[in-house]
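Let me begin by presenting the structure, written as structure tokens, before commenting on it.
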């Protein structure tokens with residue numbers, strides 16, 4: 001039972017490059033979420049999705065793009081990476097909302 | 113806008129001592145409350161949640177929390193901590209209504225000392 005996985009786990013990229021972080025869940029959960037974690041800020045919601053082809057902005061969406069063509073996948077794309085996007089990114093899923101969210105192991109992204 | 117305040121960024125405590133991690137939220141509407149734990153280099157794991165019903169909620173690993181609507185608090189407690197409880201703890205809130213986004217506090221680092 002793989003649950004929720006993220007890839008890559010670590011990524012170093014340069015300013016201006018496009019980067020895509022992958023998230024995959026095996027539970028067929030309706031809801032999926034992307035958060036970023038920065039010191040002193042806890043986790044902040046970037047985007048979320050209530051179902052395939054339905055996405056909505058969270059607290060900090062600028063500079064990010066998401067898509068959800070299949071229920072199990074929810075990729076996050078940084079169209080032109082900036083140093084301020086250096087962070088740890090967590091994907092999560094839940095069966096309904098409000099409900100417990102299940103978190104992936106995270107992707108540590110460094111933008112140089 | 114709702115906010116979540118975790119009053120202590122770091123809490124050191126000796127093994128087998130009791131601990132309370134404080135969480136206050138601001139919201140004028142109904143809320144759903146969660147505590148998550150994050151061990152080093154790992155994702156977040158749910159400790160406990162309050163969605164409705166009894167205001168005293170018991171979670172995993174001996175933790176419990178009490179929802180106090182009048183004080184808008186959801187403090188986390190454990191009567192006797194272990195070294196393995198060393199981790200970062202996050203309080204989180206979903207406000208009732210259409211948005212239903214999870215808002216996290218900034219976290220409390222609990223360090224259990226031998």
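Protein chains in written order, with this note's numbering: chain A, 1 to 112; chain B, 113 to 226. For glycine and all other residues, C-beta sits at the position ideal for the given N, C-alpha and C. Model, not experiment: these values are computed from the prediction.
Proximity below 8 angstroms, CB of residue i to CB of residue j
i	j	result
residue 223 of chain B	residue 152 of chain B	no
residue 15 of chain A	residue 104 of chain A	no
residue 216 of chain B	residue 42 of chain A	yes
residue 133 of chain B	residue 148 of chain B	no
residue 19 of chain A	residue 92 of chain A	no
residue 143 of chain B	residue 204 of chain B	no
residue 162 of chain B	residue 179 of chain B	yes
Inter-residue Cα distance where the pair is residue i and residue j
i	j	result
residue 172 of chain B	residue 130 of chain B	16 angstroms
residue 119 of chain B	residue 185 of chain B	11 angstroms
residue 44 of chain A	residue 59 of chain A	6 angstroms
residue 9 of chain A	residue 213 of chain B	25 angstroms
residue 117 of chain A	residue 24 of chain A	Residue 117 of chain A lies beyond the stretch modelled for chain A, which goes from 1 to 112, so this question has no answer here.
residue 55 of chain A	residue 29 of chain A	14 angstroms
residue 176 of chain B	residue 197 of chain B	14 angstroms
residue 12 of chain A	residue 46 of chain A	20 angstroms
residue 109 of chain A	residue 87 of chain A	6 angstroms
residue 50 of chain A	residue 107 of chain A	22 angstroms
residue 168 of chain B	residue 189 of chain B	11 angstroms
residue 71 of chain A	residue 3 of chain A	14 angstroms
residue 112 of chain A	residue 17 of chain A	10 angstroms
residue 33 of chain A	residue 48 of chain A	4 angstroms
residue 174 of chain B	residue 67 of chain A	39 angstroms
residue 77 of chain A	residue 21 of chain A	6 angstroms
residue 61 of chain A	residue 128 of chain B	43 angstroms
residue 100 of chain A	residue 79 of chain A	30 angstroms
residue 31 of chain A	residue 225 of chain B	39 angstroms
Residues that residue i contacts on chain B, provided the C-beta gap is smaller than 7 angstroms
i	result
residue 98 of chain A	144, 163, 206, 212
Closer than 8 angstroms to chain B by CB, residue i
i	result
residue 85 of chain A	no
residue 105 of chain A	yes
residue 41 of chain A	yes
residue 58 of chain A	yes
residue 45 of chain A	yes
residue 90 of chain A	yes
Neighbouring residues, chain B, relative to residue i (Cβ below 9 angstroms)
i	result
residue 25 of chain A	Within 9 angstroms Cβ-Cβ: nothing; residue 25 of chain A doesn't reach chain B, min ~12 angstroms.
residue 18 of chain A	Neighbours of residue 18 of chain A on chain B: none; closest Cβ ~25 angstroms, over 9 angstroms.
Beta bridge counterpart(s) of residue i as assigned by DSSP
i	result
residue 85 of chain A	Per DSSP, none; premise fails for residue 85 of chain A.
residue 4 of chain A	A:25
residue 55 of chain A	A:49
residue 203 of chain B	B:147
residue 38 of chain A	A:42
residue 109 of chain A	A:11, A:87
Cβ of residue i within 8 angstroms of any chain A Cβ
i	result
residue 171 of chain B	no
residue 186 of chain B	no
residue 156 of chain B	yes
residue 179 of chain B	no
residue 202 of chain B	yes
Closer than 9 angstroms at the beta carbon, the chain A residues around residue i
i	result
residue 166 of chain B	Near residue 166 of chain B there are no residues of chain A at all, since even the closest Cβ is about 17 angstroms away, more than 9 angstroms.
Listed by chain order, chain A residues near residue i by CB distance under 7 angstroms
i	result
residue 218 of chain B	40, 41, 42
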